[in-house]
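According to the working numbering, the sequence shown is numbered sequentially starting from 51.
Where a beta carbon is used, it is the ideal one built from N, C-alpha and C, also for glycine.
Note that the coordinates shown come from a computational prediction; the quantities given were computed from them, not determined experimentally.
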Amino acid sequence: RHRYGVLMYDYRGYGKSTGITQDEETMQSDFDAVLQWLVDRGLTSERMVIFANSLGSLPAGPAAAGNSLLEVQKLIMETPQSSADAILQGATGLSLPATMITDYDFDLGANMADYAGDLLWLHGTADDVAPIENARQAMAEHAGNYYAEHIYEDAGHGLRFDITNEEWL
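This is how it looks when you write it as structure tokens:
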């Protein structure tokens, strides 16, 4: 009736999807395939909102920065990962560059500097998987006109489960 829909997908090897996510190319390829499917069914930029949670920020960031079949005009980031270095350093406690163990390189702050669309950022202060200060630095780079953030005290990486369903909606 209102001509809206929601499409959720798993990356290769996550959830019920087969295959293996190996690097940024496979994650971006999965994102591109989903977007192409939507475009083939009539989706336009004006009607699209990208919602990225945690690892979803890895393909959503470059898409917002211009690497997308459709221009991203509206983006929601929930507990985003900020950079490959931040993930490695957070997981190991060592001050090492991600290039020590992977070719998977991403920098959400650089993507946000190239993103001119609307941005909503949601994060919890107790997130130990994607620390809020790392995400705050990346979100501060946003170049667009509209920006809003909602920070939740004592909420962790499972933000939507740590706050009330009513609040999250």
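Exercise. With distances taken between CB atoms, is the gap from L125 to D168 smaller than 8 Å?
Worked result: yes
Exercise. Which one of I201, L88, A160 has the shortest CA to CA distance from E128?
Worked result: I201
Problem set entry | Cut-off 6 Å between Cβ atoms - residues of its own chain near T175, not counting five sequence neighbours on either side | I182, E203
Exercise. What number of angstroms, rounded off, separates the C-alpha of L105 from the C-alpha of H52?
Worked result: 30 Å
Exercise. In the DSSP assignment, what are the bridge partners of S67?
Worked result: Its beta-bridge partners do not exist; DSSP assigns none.
For this session: In the DSSP assignment, find the unbroken beta strand (DSSP E) run with I201 in it and report its ends.
Result: 197-202
Problem set entry | Exposure label - M189; buried when at least 16 CB within 10 Å | buried
Exercise. For P130, which of S95, D212, E217, G208 has the nearest alpha-carbon?
Worked result: G208
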